[in-house]
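Asker:
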Amino acid sequence: MKNTLYFLFTILVFLSSCKTNEEKSVISIPHAPTAKIIPEQLTNHGDTRIDNYFWMRLSDEQKKSETHDNQTNDVLNYLNAENAYLNEAMKHTDLFQEKLYNEIVGRIKKDDQSVPVNDNGYSYYSRFEEGGDYALYCRKKINDDEEEILLNGPEMAKGFSYYGIGTRSVSPDNTLLAYGIDTVSRRRYSIYFKNLNTGELLPDVLTNTSGGAIWANDNKTVFYTKKDPVTLRTDKVYKHVLGTDQSEDVLVFEEKDETFGCGVFKSKSKKYIMTVSYHTLSTEYSYIDADNPNGSWTLIQPREKDLLYYVDHFEDNFYIRTNLNAKNFKLVKTPISKTSKENWVDVIPHRESVLFEGFDIFKNYLVLTERIKGLTAIRIKKWAGDEYYLDFSDPAYLANPTSNLDFNTPILRYNYSSLTTPRSTFEINMDTKDQVLLKQQEVIDPNFSIDNYTSERLFATANDGTKIPVSLVYKKGINKNENTPLLLYSYGSYGNSSEPTFSSTRLSLLDRGFIYAIAHIRGGQEMGRYWYEEGKLLKKKNTFTDFISVGEFLVSQGYTSSEHMYAYGGSAGGLLMGAILNMKPELWNGVVAAVPFVDVVSTMLDETIPLTTFEFDEWGNPKIKEYYDYMKSYSPYDNVEAKEYPNILVTTGYWDSQVQYWEPAKWTAKLRELKTDDNLLIMDCNMETGHGGASGRFERYKRTALTYAFMFDLENITE
1 MKNTLYFLFT ILVFLSSCKT NEEKSVISIP HAPTAKIIPE QLTNHGDTRI
51 DNYFWMRLSD EQKKSETHDN QTNDVLNYLN AENAYLNEAM KHTDLFQEKL
101 YNEIVGRIKK DDQSVPVNDN GYSYYSRFEE GGDYALYCRK KINDDEEEIL
151 LNGPEMAKGF SYYGIGTRSV SPDNTLLAYG IDTVSRRRYS IYFKNLNTGE
201 LLPDVLTNTS GGAIWANDNK TVFYTKKDPV TLRTDKVYKH VLGTDQSEDV
251 LVFEEKDETF GCGVFKSKSK KYIMTVSYHT LSTEYSYIDA DNPNGSWTLI
301 QPREKDLLYY VDHFEDNFYI RTNLNAKNFK LVKTPISKTS KENWVDVIPH
351 RESVLFEGFD IFKNYLVLTE RIKGLTAIRI KKWAGDEYYL DFSDPAYLAN
401 PTSNLDFNTP ILRYNYSSLT TPRSTFEINM DTKDQVLLKQ QEVIDPNFSI
451 DNYTSERLFA TANDGTKIPV SLVYKKGINK NENTPLLLYS YGSYGNSSEP
501 TFSSTRLSLL DRGFIYAIAH IRGGQEMGRY WYEEGKLLKK KNTFTDFISV
551 GEFLVSQGYT SSEHMYAYGG SAGGLLMGAI LNMKPELWNG VVAAVPFVDV
601 VSTMLDETIP LTTFEFDEWG NPKIKEYYDY MKSYSPYDNV EAKEYPNILV
651 TTGYWDSQVQ YWEPAKWTAK LRELKTDDNL LIMDCNMETG HGGASGRFER
701 YKRTALTYAF MFDLENITE
């Protein structure tokens, strides 16, 4: 393979993958860039892997340096060549992409405003002005119409290619605002402090933080977390007193176990400040009185392997959601004076068929968020008295309490969305059961109606007989047959459930005849905690085979065919895409892998890479041969073969702190080296963003337009 990073603009025949009996379209595209090969031998457990593209990895110092060494130049040349090839290969869709972008952002209300949240005498909200790409963060005194702009996002972001505003918190006396800013997209924030009476910034600046500051009740002391500068692991909690230099800050907690991260927060009661150490299978909390920020920290329950617990406070007790002798979790309480687990008393016992996901405490009510048969449920229970569930009628949906900051109220606020229902915020009077819709996401399209679309919930059968839920949405009246295009999505890791919620962006697919489907595969937590455990570690392949089984099921049921089926996943869902490409490439006409985690073995062997050390309980530790062998057997990068692959779009960000850019870049290069087909393989590397994409409100939809155009082009859909 020639070691060139430039294009040879020869004419190739590109076969559109709309594989019907019609004549296939022929598109002239440039020759794809080829990355130079520098074999690197990687030996573990007596096994040697050859990585031809190991050279693509740059350190943060190399990326930030104004002077580039030869390696940096080679990497930048390759990434820029890939972007140039993408632009040329998709050039014929430029006008369509522009149309899609305008269509997508055109549905978004430009002067939108969030539902106000009342806290400590003020009503807080964010709003966008017409044409604004960033929000204004505002407040009003309750029962007062005079607006106070706390942060003017459009003004603050001027001159920055990326501008991320992190967590915002106001001091107990309402006079000071702490907020985080990230201008790189590495999720390393600097915290600033603003005097809300004068509008002036205080000289205090806290660097290398996770973005949030927690106020003690003295209005001058804050607690915050710092990150390891290399691994980006949040490993220290500091105490800062306003008016002092950051170098004088007191280290109040250090998480020395590299498999744990840590955080700090304030209880809903605002009485306690808590630190938490978290790990995939273990947590640990300590607390101090928020009125005494210089006091001693008290440990609630020492960490134990496989013991998870989550704490909040009410009256004389801590309330704790835990998996102690409860796989699907239960709710317990314990006196503040006796917090270790032997003092925990059940409030909501464990149930085998119900996953207990969260709770909100009120003076007269306990509100529980549960998951029953894969669907969320909100259960309202009087402390002494009756209980009831809220009723939701859609086949698939998401409902969850939100922004309930007040104890002494009968009003519960919750969000609701389904595949056909835009996000809606309700308030219910828990005494009377009367409900009011506060806001429903507005879709700016005169032709839009909820009644135009329909959703279904089906069950596919996995290889081992397990029933896998599938949620679908499509426009009423479409013909569901072997020629119907279908996009199948999933995530399937970390116990994160793939929720069946509404997307106005997705209307651009549905209105052009696509079916959109979600595979609720193992590795998520839709069907309970065991669903997660059956899709991790040495059972991770269940995630991939479940997804394939869903795809095969949809074909067998006549919803689509392999000639018209597409798959999409991002991050750990990008790993899913890489795995199914190797395992069943012929099942898909096109695959979109967004910021994909594809170099599993090498990443998990390198403890200097962000996220590696505290994810051993998700993927396994490859320093142990059993896990090494299993990871290697599915790692997408390690299993690329000389065979035919479908059309593929890969996306990444140069500053990604979650999945480093070199993983998708190396994977793309290796696919190009080995694949035997003429199908399209393109990579979009945004040189200014990280894992979450662009920071602006609308800029991110340019990549969405590219993604849709990629699939539409393969379907010969041109407008």
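Last residue of the sequence shown: number 719 in full-length UniProt numbering, and the count goes up by one each step with no gaps.
Think of the CB as a built atom: it goes at the ideal place given N, C-alpha and C, for glycine as much as any other residue.
Nearest by alpha-carbon distance to Asp394: which of Gly243, Glu456 and Thr402 is it?
Answerer: Sequence index remark: in the sequence shown, residue 394 carries index 394 (1-based). Answer by Cα proximity: Glu456.
Asker: Where does Gln660 land, buried or exposed, given buried means 16+ other C-beta within 10 angstroms?
Answerer: By 1-based counting over the sequence shown, the position of residue 660 is 660. Buried, because 16 or more other Cβ atoms sit within 10 Å of the Cβ of Gln660.
Asker: Judging by CA-CA distance, which residue of Leu324, Pro485, Asp346 and Leu375 is the nearest neighbour of Glu715?
Answerer: Along the sequence shown, one-based indexing puts residue 715 at 715. For Glu715, the nearest C-alpha among the options comes from Pro485.
Asker: Between Glu22 and Leu674, what straight-line distance do the alpha-carbon atoms span, to the nearest angstrom?
Answerer: On the sequence shown, residue 22 is found 22 positions in, with the first residue counted as 1. On the sequence shown, residue 674 is found 674 positions in, with the first residue counted as 1. Per-residue confidence for Glu22 stands at a pLDDT of 35, beneath the threshold of 50, marking its modelled position as unreliable; the derived number appears in the next sentence. Cα-Cα distance, rounded: 30 Å.
Asker: Since Ile580 is in the alpha helix (DSSP H), which residue starts that stretch and which ends it?
Answerer: Taking the first residue of the sequence shown as position 1, residue 580 is located at position 580. Counting along the chain, the alpha helix (DSSP H) containing Ile580 begins and ends at Ala572 to Met583.
Asker: Taking just the CA atoms, how far does Ile191 sit from Lys141?
Answerer: If you number the sequence shown from 1, residue 141 lands on position 141. If you number the sequence shown from 1, residue 191 lands on position 191. Approximately 25 Å, taken between the alpha carbons.
Asker: Compute the Euclidean distance between the alpha carbons of Lys2 and Thr72, then round it to the nearest angstrom.
Answerer: Reading the sequence shown from its first residue, position 2 is the one you call residue 2. Reading the sequence shown from its first residue, position 72 is the one you call residue 72. Because Lys2 carries a pLDDT of 29, less than 50, the predicted location of this residue cannot be relied on, and the following value inherits that uncertainty. Straight-line Cα distance between these residues: approximately 20 Å.
Asker: Write down the C-beta distance between Ile548 and Val470 rounded to the nearest angstrom, noting that I regard them as a contact closer than 8 Å.
Answerer: For the purposes of this step, residue 548 is taken as the residue at position 548 of the sequence shown. For the purposes of this step, residue 470 is taken as the residue at position 470 of the sequence shown. Contact between Ile548 and Val470 is ruled out by a C-beta separation of about 13 Å, above the 8 Å threshold.
Asker: Got a sec, what are the start and stop residues for the beta strand (DSSP E) Ala665 sits in?
Answerer: Here residue 665 refers to the residue found at position 665 when the sequence shown is read from its first residue. From DSSP, Ala665 is part of no beta strand (DSSP E) but of the alpha helix (DSSP H) over Trp662 to Leu674.
Asker: Is the CB of Lys220 under 8 Å away from at least one CB in chain C?
Answerer: Annotation note: the requested chain C is absent from the structure, which comprises a single protein chain.
Asker: Check for me: the alpha helix (DSSP H) holding Gly77 runs from which residue to which?
Answerer: Here residue 77 corresponds to residue number 77 of the sequence shown, with the count starting at 1. Here the sequence assigns Asn to residue 77, which means Gly is not the residue at that position. Looking at the DSSP string, the run of the alpha helix (DSSP H) that includes Asn77 is Asn70 to Ala89.
Asker: Leaving aside the five residues before and after Val354 along the sequence, list all residues of the same chain whose C-beta is less than 6 Å from its C-beta, in chain order.
Answerer: Start at 1 with the first residue of the sequence shown, and residue 354 comes out as number 354. These residues qualify, in order along the chain: Glu370 and Ile372.
Asker: Just how far apart, CA to CA, sit Ala709 and Val75?
Answerer: For the purposes of this step, residue 709 is taken as the residue at position 709 of the sequence shown. For the purposes of this step, residue 75 is taken as the residue at position 75 of the sequence shown. The straight-line gap from Cα to Cα measures roughly 27 Å.
Asker: In whole angstroms, what is the alpha-carbon distance linking Tyr701 and Asn496?
Answerer: Here residue 701 refers to the residue found at position 701 of the sequence shown. Here residue 496 refers to the residue found at position 496 of the sequence shown. Taking the straight line joining both Cα atoms gives about 24 Å.
Asker: Buried or exposed: where does Asp69 fall if 16 or more other Cβ atoms within 10 Å of its Cβ makes it buried?
Answerer: Numbered from its first residue, the sequence shown carries residue 69 at position 69. It is exposed - the Cβ of Asp69 has fewer than 16 other Cβ atoms within 10 Å.
Asker: Taking only three categories from DSSP, how would you classify Leu680?
Answerer: Mapped onto the sequence shown, residue 680 falls at position 680. Coil at Leu680, not helix or strand.
Asker: Can you check DSSP and say which residues form a bridge with Gln41?
Answerer: As a first step, residue 41 is located in the sequence shown; it is residue number 41 there, counting from the start. DSSP, once it has assigned bridges, lists Ile50 as partnering Gln41.
Asker: Who pairs with Leu649 in a beta bridge, going by DSSP?
Answerer: Taking the sequence shown and counting its residues from 1, one reaches residue 649 at position 649. Beta-bridge pairing links Leu649 to Val592 and Ile682.
Asker: So the alpha helix (DSSP H) Asp629 belongs to, where does it begin and stop?
Answerer: Taking the sequence shown and counting its residues from 1, the one referred to as residue 629 is at position 629. Per DSSP, Asp629 belongs to the alpha helix (DSSP H) from Lys625 to Tyr634.
Asker: Thinking C-alpha only, which one of Glu663, Asn647 and Glu688 is nearest Phe712?
Answerer: Taking the sequence shown and counting its residues from 1, one reaches residue 712 at position 712. Checking every option, the nearest Cα to that of Phe712 belongs to Asn647.
Asker: Grab me the residues of Ala213's own chain with a C-beta within less than 6 Å of its C-beta, minus the 5 sequence neighbours each way, in chain order.
Answerer: Stepping through the sequence shown from its first residue, residue 213 is reached at position 213. So the list reads Ser169, Ala178, Ile191, Val222 and Tyr224, once near-sequence residues are dropped.
Asker: Along the beta strand (DSSP E) that carries Gly523, what are the first and last residues, could you check?
Answerer: Taking the first residue of the sequence shown as 1, we reach residue 523 at position 523. No beta strand (DSSP E) contains Gly523, which DSSP labels as neither H nor E.
Asker: Taking only three categories from DSSP, how would you classify Ser296?
Answerer: To locate residue 296, count along the sequence shown from 1; it is residue 296. Three-state DSSP puts Ser296 in coil, outside helix and strand.
Asker: With 16 other CB atoms within 10 Å as the buried threshold, where does Ser171 fall?
Answerer: Locating residue 171 in the sequence shown gives position 171, counting from the first residue. Counting Cβ neighbours within 10 Å, Ser171 comes out buried, since at least 16 surround it.
Asker: Drop a sphere of 10 angstroms on the beta-carbon of Thr198, count the other beta-carbons inside from all chains shown, and report buried for 16 or more, exposed for fewer.
Answerer: Counted from its first residue, the sequence shown places residue 198 at position 198. The residue in question, Thr198, is exposed, as its Cβ has fewer than 16 Cβ neighbours within 10 Å.
Asker: Report buried or exposed for Ala396, applying the criterion of at least 16 other Cβ atoms within 10 angstroms of its Cβ.
Answerer: As a first step, residue 396 must be located in the sequence shown, where it is residue number 396. Buried: at least 16 other Cβ atoms inside 10 Å.
Asker: In whole angstroms, give me the CA-to-CA distance for Asn408 and Ala290.
Answerer: Residue 408 sits at position 408 when you count from the first residue of the sequence shown. Residue 290 sits at position 290 when you count from the first residue of the sequence shown. Going from the Cα of Asn408 to the Cα of Ala290 covers about 20 Å.
Asker: As an exercise, report each continuous beta strand (DSSP E) stretch of at least 3 residues that is fully enclosed by the segment 402-441, in chain order.
Answerer: 411-418, 424-429 and 435-440
Asker: What first and last residue would you give for the beta strand (DSSP E) that runs through Asn195?
Answerer: By one-based count along the sequence shown, residue 195 stands at place 195. Boundaries of the beta strand (DSSP E) harbouring Asn195: Tyr189 to Asn195, taken from the DSSP string.
Asker: Less than 7 Å between C-beta atoms, sequence neighbours within five positions excluded: which residues of the same chain meet that for Leu251?
Answerer: Working through the sequence shown from its first residue, we reach residue 251 at position 251. Counting only Cβ-Cβ distances below 7 Å, and skipping sequence neighbours, we find Lys236 and Tyr238.
Asker: Return the first residue and the last residue of the beta strand (DSSP E) that Ile372 is part of.
Answerer: Walking along the sequence shown from the start, residue 372 turns up at place 372. Tyr365 to Ile372 is the span of the beta strand (DSSP E), which, as asked, contains Ile372.
Asker: Any idea what DSSP makes of Glu254, helix, strand or coil?
Answerer: Residue mapping note: residue 254 aligns to position 254 of the sequence shown, counting from 1. Glu254: strand per DSSP, three-state reduction.
Asker: Give the DSSP-derived three-state secondary structure of Met604 in the structure shown.
Answerer: Here residue 604 corresponds to residue number 604 of the sequence shown, with the count starting at 1. It is helical.
Asker: For Val332, which residues in the same chain have their Cβ closer than 7 Å to its Cβ, ignoring the five residues on either side in sequence?
Answerer: For the purposes of this step, residue 332 is taken as residue 332 along the sequence shown, with counting starting at 1. Ile320, Thr322, Trp344, Val345, Asp346 and Val347.
Asker: Looking at Lys382 and Asn400, is the spacing between their C-beta atoms short of 8 Å?
Answerer: On the sequence shown, residue 400 is found 400 positions in, with the first residue counted as 1. On the sequence shown, residue 382 is found 382 positions in, with the first residue counted as 1. Not in contact: Asn400 and Lys382 (Cβ atoms no closer than 8 Å).
Asker: What residues in its chain sit with their C-beta under 7 Å from that of Tyr189, if we drop five residues either side in the sequence?
Answerer: Taking the sequence shown and counting its residues from 1, one reaches residue 189 at position 189. The residues are Gly166, Gly180, Ile181, Asp182, Thr209, Ser210 and Gly211.
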